[in-house]
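Here is the structure we will look at.
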Amino acid sequence: MRITELAETTGVPPATVKYYVREGLLPAGTRVRDNRTDYDDEHARRIRLIRALIDVGRLPVARAREVLAVLDDDDRRVQDVFASRRTPSRPARRRRSRPRPTRSPGSTRSPRRPAGASWTGTPAVRRQRGRSTPSPAPGTRSRTPTSRAMPRPRACRPRPTSPG
Numbered sequence: 001m002r003i004t005e006l007a008e009t010t011g012v013p014p015a016t017v018k019y020y021v022r023e024g025l026l027p028a029g030t031r032v033r034d035n036r037t038d039y040d041d042e043h044a045r046r047i048r049l050i051r052a053l054i055d056v057g058r059l060p061v062a063r064a065r066e067v068l069a070v071l072d073d074d075d076r077r078v079q080d081v082f083a084s085r086r087t088p089s090r091p092a093r094r095r096r097s098r099p100r101p102t103r104s105p106g107s108t109r110s111p112r113r114p115a116g117a118s119w120t121g122t123p124a125v126r127r128q129r130g131r132s133t134p135s136p137a138p139g140t141r142s143r144t145p146t147s148r149a150m151p152r153p154r155a156c157r158p159r160p161t162s163p164g
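The sequence shown: position 157 = 157 (UniProt numbering), numbered continuously.
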């Protein structure tokens, strides 16, 4: 079957099939001509396995390549590869060792915001929190000139009329 037929059968775009071949996840098909390669049902089965490892198993492509290499090698076991990665990384261990904040049953309030505390100000005021100078209250003018401040309009003086 052609690459388009393989793509339709497996539900992946032809560009993805080419990517899997380039990354070594999928063996290359049989070249018929310079611009045509044929694939068989074994390629379709392999693409379904790759998609299962990446989508269902949530493995990155490099990790899926390792698992596929183990499946292709009769001397190694898949369980050994997964067991080598079971020890959590340092940040994950640190996260687990921290005590979690407790909430009483039925409570809907976030444990990070104590009961009785409310959000302060409007969204515009909350955005200003990290700035060094406070913003003026809504509806008032700023006392310090800023680059975005509009100049005040000058008072119009009546023009003198000429006698006569």
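Yeah, the Cβ is synthetic: ideal placement off N, Cα and C, and Gly gets one too.
Which residues bound the alpha helix (DSSP H) around residue i?
| i | result |
| --- | --- |
| ARG46 | 41 to 51 |
| ILE3 | 3 to 10 |
| LEU68 | 61 to 72 |
| PRO14 | 14 to 23 |
Could you tell me if residue i is buried or exposed, where buried requires 16 or more neighbouring beta carbons within 10 angstroms of its beta carbon?
| i | result |
| --- | --- |
| THR161 | exposed |
| THR10 | buried |
| ALA64 | buried |
| VAL32 | exposed |
| ALA7 | buried |
| GLY78 | Sequence check: residue 78 is Val here, not Gly. That one is exposed. |
Is DSSP giving residue i helix, strand or coil here?
| i | result |
| --- | --- |
| VAL32 | strand |
| ASP75 | coil |
| residue 174 | Nothing can be reported for residue 174, as the shown portion of the chain is limited to 1 through 164. |
| THR161 | coil |
For residue i and residue j, what's the separation of their Cα atoms in angstroms?
| i | j | result |
| --- | --- | --- |
| VAL67 | GLU5 | 26 Å |
| ARG36 | ILE47 | 19 Å |
| ALA52 | ASP34 | 31 Å |
| ASP80 | VAL70 | 9 Å |
| PRO14 | ARG2 | 10 Å |
| residue 177 | ASP40 | Outside the modelled stretch of the chain, which goes from 1 to 164, sits residue 177, for which no answer is possible. |
| ALA28 | TYR19 | 11 Å |
Pop quiz: residue i and residue j are said to be a contact at Cβ under 8 Å. What is the actual Cβ separation, rounded to whole angstroms?
| i | j | result |
| --- | --- | --- |
| HIS43 | LEU59 | So it is not a contact: roughly 20 Å between Cβ atoms. |
| VAL61 | GLU23 | 6 Å |
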